[in-house]
Amino acid sequence: SVPEKFSLSGSQSPVVGFLGQDVLLPCQLSPPAQLPNMDVQWRKIGQEFILVHEYADRGTQELPGAGYQNRTELFPSDFSSGNISLKLKMLQITDNGKYQCFVRDAEWSHEAITELRVAAVAPVFIDVLGSRGQGIGLACRSAGWFPKPELQWVGKNWQNLAMDIVTDVTEDRENLYSVVSHVTVTEREGSGDISCIVRNRMVDTEQQSAIHLSSDIFPRVSPWLAAFWALFALVLIAAGICAYLGYTAKQKASQKKRSKEEAQ
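Those letters in the sequence shown? Residues 1 to 264, per our numbering, in order.
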């Protein structure tokens, strides 16, 4: 029969595109044929179908749904080779999802499903915050990721930094993620190259920034100052002991005097 003569196929694996770029959602009619009165619809699957693009040899065409106007393109000149792929332009995060390629004529209809995953990556920056106790405070920041990114600090020989790290991830109204991470590095662990890596697992892509911390920028305590404070502490302790002994001796003398007066 005619319906069994043709088949329609999409992508077996998800198609990945990047925010703001164009992507091609594949749809192939086999065997290739230029069919009269063929209608093509691309629709996004959700709680209800959203028309993305329609091509009709005859009759009226519906307008695409909200958000897809002027962002889609088919290639009718390639229909004879079976290519019914859809070009989706200027990708948005809301474009994530499954799409149906639907083809029909007077005698048959077929459909194929393709999943689209939209990713976003962004540059990474490191800021030096200055002295923090015996170390240097650093901040790593990056804005404009999707999906939620992972952040990692590494030091010498690409070893994970062992000090306390505070990382916050927030999502904006456009569903993009921003990440900010703070760390205080000491001279023992932080001198040399420090890198902040932000990673998008979905597309196995990462962005990073690095900074070189020389040993002479770390806060230092003067040995003379350290000796002064140590001596000062000893003086305070000695003064405290002397005051205590004096107070105790005075109390004993006062008690002895009262005892003599009571005896008389």
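Just so it is clear, CB atoms sit at the ideal spot from N, CA and C, and this is done for glycine as well. Quick caveat: nothing in here was measured; it's all calculated off a predicted structure.
Strand pairing of residue i, partner residues [DSSP]
i: ASP168; result: VAL180
i: TRP158; result: Paired residues: none, contrary to the question.
i: ILE211; result: ILE194
i: ILE237; result: Partner(s): none; ILE237 has no beta bridge.
i: THR134; result: Strictly speaking, residue 134 in this sequence is Gln, with Thr absent from that position. According to DSSP, GLN134 bridges with nothing at all.
i: GLY17; result: VAL118
i: CYS140; result: ILE126, SER181
i: THR205; result: ASN200
i: ASP39; result: ALA56, ARG104
i: LEU29; result: LEU8
i: GLU150; result: ARG199
i: LEU24; result: LYS87
i: THR248; result: None; THR248 has no bridge partner.
Buried versus exposed, by CB contacts within 10 Å (16 or more), residue i
i: VAL166; result: exposed
i: ASN70; result: exposed
i: GLN255; result: exposed
i: PRO64; result: buried
i: GLY20; result: exposed
i: GLY82; result: buried
i: GLY155; result: buried
i: SER77; result: exposed
i: LYS252; result: exposed
i: MET90; result: exposed
i: THR184; result: buried
i: CYS140; result: buried
i: SER85; result: buried
i: ILE45; result: exposed
i: PRO32; result: exposed
i: TYR244; result: exposed
i: PRO14; result: exposed
i: ILE136; result: buried
i: SER214; result: exposed
i: ASP168; result: exposed
i: VAL88; result: Reading off the sequence, residue 88 comes out as Leu, not Val. That one is buried.
i: ASP172; result: exposed
Residues near residue i in its chain [Cβ-Cβ closer than 7 angstroms; skip 5 each side]
i: GLY10; result: PRO26, CYS27, CYS101, ALA112, ILE113, THR114
i: VAL16; result: ARG117, ALA119, VAL203
i: LEU29; result: PHE6, LEU8, GLY82, ILE84, VAL103
i: HIS110; result: PHE6, SER7, LEU8, VAL103
Test: residue i CB closer than 8 angstroms to a CB of chain B
i: SER142; result: Judged by its chain identifiers, the structure shown contains no chain B, having just a single protein chain.
Other residues of its chain near residue i: CB distance less than 8 angstroms, five sequence neighbours each side excluded
i: PRO36; result: ASP57, ASP105
i: ARG43; result: PHE49, ILE50, LEU51, VAL52, TYR99, GLN100, PHE102
i: GLN208; result: VAL124, SER195, CYS196, ILE197, VAL198
i: ARG132; result: THR184
i: SER222; result: For SER222, the pLDDT reaches just 49, beneath the cut-off of 50, and the residue's location in the model is therefore unreliable, although a value from the coordinates is still provided. For SER222, where only same-chain residues beyond five positions count, there are no Cβ hits under 8 angstroms.
i: GLU73; result: HIS53, LEU86, LYS87, LYS89
Own chain, CB closer than 6 angstroms to residue i, minus 5 neighbours either side, in chain order
i: SER178; result: ALA143, THR170
i: ALA210; result: ASP193, SER195
i: GLU206; result: ILE197, ARG199
i: ILE93; result: VAL118, PHE146, ASN175
i: GLN41; result: GLU54, PHE102
i: TYR68; result: VAL52
Cβ contact (3+ pairs, closer than 8 angstroms) linking the segment 121 to 132 and the segment 97 to 104:
no
Counting only runs that start and end within the segment 42 to 118, where is the beta strand (DSSP E) found for 3 or more residues in a row?
50 to 56, 86 to 88, 97 to 104
Could you tell me whether the segment 116 to 125 touches the segment 155 to 174, using the rule of 3 or more Cβ pairs below 8 angstroms?
They do not touch, by the three-pair rule.
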